[in-house]
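Here the protein sequences come in this chain order: U and B. Just so you know, we're using the working numbering here: the first sequence kicks off at 1 and counts up by one. Just so you know, we're using the working numbering here: the second sequence kicks off at 1001 and counts up by one. Where a beta carbon is used, it is the ideal one built from N, C-alpha and C, also for glycine. Structure first, then comments.
Protein chains: 2
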Amino acid sequence: MRLTAKEISAALKEHGYKLTPQRRAIIKAITSNNDCLNPQGIYTRVRSQRAGIGLVTVYRTLEILTRLELICELPAGGIQRNYTLSASEHHHHLTCSGCGTVIDFTGHNLIDLENKLSRESGFIIESHMLEFFGLCQGCQKVS
Amino acid sequence: MRLTAKEISAALKEHGYKLTPQRRAIIKAITSNNDCLNPQGIYTRVRSQRAGIGLVTVYRTLEILTRLELICELPAGGIQRNYTLSASEHHHHLTCSGCGTVIDFTGHNLIDLENKLSRESGFIIESHMLEFFGLCQGCQKVS
DNA sequence: CTGTAAATGATAATCATTTTCATTTATACT
DNA sequence: AGTATAAATGAAAATGATTATCATTTACAG
Ligand SMILES: [Mn+2]
Ligand SMILES: [Mn+2]
Ligand SMILES: [Zn+2]
Ligand SMILES: [Zn+2]
């Protein structure tokens, strides 16, 4: 059940934030994309609709949306931050180390491992990250 | 099970790197500590022994040690990078998002998932990364 | 001991993210 | 609808981690 732009906007207003066209555009960019995005990626998308928006505004809005838990910041290693809609379907990635192509996948089952780890360590486990790396068919031919 | 300073030094030499006093000091700082450390933390420790070492050298050495898989870079969210000594075998991490404690674990089985993904995508899969995040017992009490 | 490529450290450059601050604007209230 | 006002915006500068440059030093093979 993905959060909609309308729901996010309502949540913002509920918490006393103003609903500006910039924020609307950012929310639209996030909800109309079903993968994770970094601040630059969101900025680029938003600018095609609303030239003149500042990158700062993107950062500020992401900070608010994260605090309200409407989006979440993924702990993926990388130079930039990664955000995804809070309720978007949990999935993982298979990345080509040659060309950067990313394939989403889902349907794995880590719950048994998670339970075992939790039992043995005493941790409450909140999230996980699973990434595969390899070579796509195109890049196999090249190398 | 933990790599020793001697083993790390030997591995460096084996790969053709020179064994400088700066590198010795960095290796000692890492092996004599059993938490994970960030570049600044290592720099601070090393400087108490060897004033005048440059932070740049710490970064460069960490880069080499990571490439040789003698230490590993943890994908924990945070402003600075986090490194920890590698154990000898392939393993993964369970990280406390409260205090940063890291628990190594091994013995999972991702081979079926890997084969399925490879079959469906045409990728040759070369590696994977699996990280769990949660709260350790100490941090559960605090929050 | 010597020669040489590798390593170091001072310094400057990058690049993502934050701060500052003057200007604009959403919205609650006449 | 018009107004007041605090919040929001964007240009520009600041910050802080990481990287690149380059002149000098040093490990170490021969
Ligand atoms: Mn994805
Ligand atoms: Mn480890
Ligand atoms: Zn590829
Ligand atoms: Zn903890």
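Put residue i into one of helix, strand or coil per three-state DSSP.
| i | result |
| --- | --- |
| tyrosine 1017 of chain B | coil |
| glutamate 1131 of chain B | strand |
| threonine 1084 of chain B | strand |
| isoleucine 112 of chain U | Residue identity differs from the one stated: residue 112 of chain U is aspartate in this sequence, not isoleucine. DSSP places aspartate 112 of chain U in helix when its eight states are reduced to three. |
| cysteine 1096 of chain B | strand |
| glutamate 1126 of chain B | strand |
| isoleucine 103 of chain U | strand |
| glycine 1138 of chain B | helix |
| isoleucine 53 of chain U | coil |
| leucine 117 of chain U | helix |
| serine 143 of chain U | coil |
Look at the Cβ atom of residue i, then the Cβ atom of residue j, and state whether they are nearer than 8 Å.
| i | j | result |
| --- | --- | --- |
| asparagine 1082 of chain B | glutamate 1069 of chain B | no |
| arginine 23 of chain U | leucine 12 of chain U | yes |
| arginine 1050 of chain B | proline 1021 of chain B | yes |
| glycine 1098 of chain B | cysteine 1139 of chain B | yes |
| aspartate 104 of chain U | histidine 91 of chain U | yes |
| alanine 25 of chain U | isoleucine 8 of chain U | no |
| isoleucine 86 of chain U | asparagine 34 of chain U | Isoleucine is not the amino acid found at residue 86 of chain U; the sequence shown has serine there. The answer is no: Cβ separation not under 8 Å. |
| arginine 1113 of chain B | histidine 108 of chain U | Reading off the sequence shown, one finds leucine at residue 1113 of chain B, where the question assumed arginine. Cβ atoms of leucine 1113 of chain B and histidine 108 of chain U: closer than 8 Å. |
| threonine 84 of chain U | isoleucine 71 of chain U | yes |
| cysteine 1096 of chain B | glycine 122 of chain U | no |
Who are the neighbours of residue i on chain U, taking C-beta pairs under 8 Å?
| i | result |
| --- | --- |
| leucine 1135 of chain B | Phe123, Ile124 and Glu126 |
Residue i bridges to which residues according to DSSP?
| i | result |
| --- | --- |
| phenylalanine 46 of chain U | First, the amino acid is wrong: residue 46 of chain U is valine here, not phenylalanine. According to DSSP, valine 46 of chain U bridges with nothing at all. |
| leucine 37 of chain U | U:Tyr83 |
| glutamate 1073 of chain B | B:Tyr1083 |
| arginine 1002 of chain B | B:Ala1087 |
| valine 1058 of chain B | Valine 1058 of chain B is not bridged to any residue. |
Within 7 Å: the Cβ of residue i and any heavy atom of ligand 6?
| i | result |
| --- | --- |
| glycine 1138 of chain B | With respect to ligand 6, the structure offers nothing, as its ligand set consists of ligand 1, ligand 2, ligand 3 and ligand 4. |
Please compile the residues from chain B whose C-beta is within a distance smaller than 9 Å of the C-beta of residue i.
| i | result |
| --- | --- |
| glutamine 80 of chain U | The contacting residues do not exist; glutamine 80 of chain U stays about 12 Å from chain B at best. |
| glutamine 40 of chain U | Residues of chain B passing the Cβ test: none, with the nearest at roughly 18 Å. |
| glutamine 140 of chain U | Gly1122, Phe1123 and Ile1124 |
Whose Cβ in chain U lies nearer than 7 Å to the Cβ of residue i?
| i | result |
| --- | --- |
| histidine 1108 of chain B | Leu113 |
| isoleucine 1103 of chain B | Ser121 |
| glutamate 1131 of chain B | His128 and Met129 |
Listing by chain order, which chain B residues have their CB less than 8 Å from the CB of residue i?
| i | result |
| --- | --- |
| leucine 94 of chain U | Leu1117, Ser1121, Phe1123 and Ile1125 |
ask   = For the 8 Å Cβ check, are there 3 or more pairs between the region 1058-1072 of chain B and the region 1041-1050 of chain B?
value = yes
ask   = For the 8 Å Cβ check, are there 3 or more pairs between the region 1122-1135 of chain B and the region 121-132 of chain U?
value = yes
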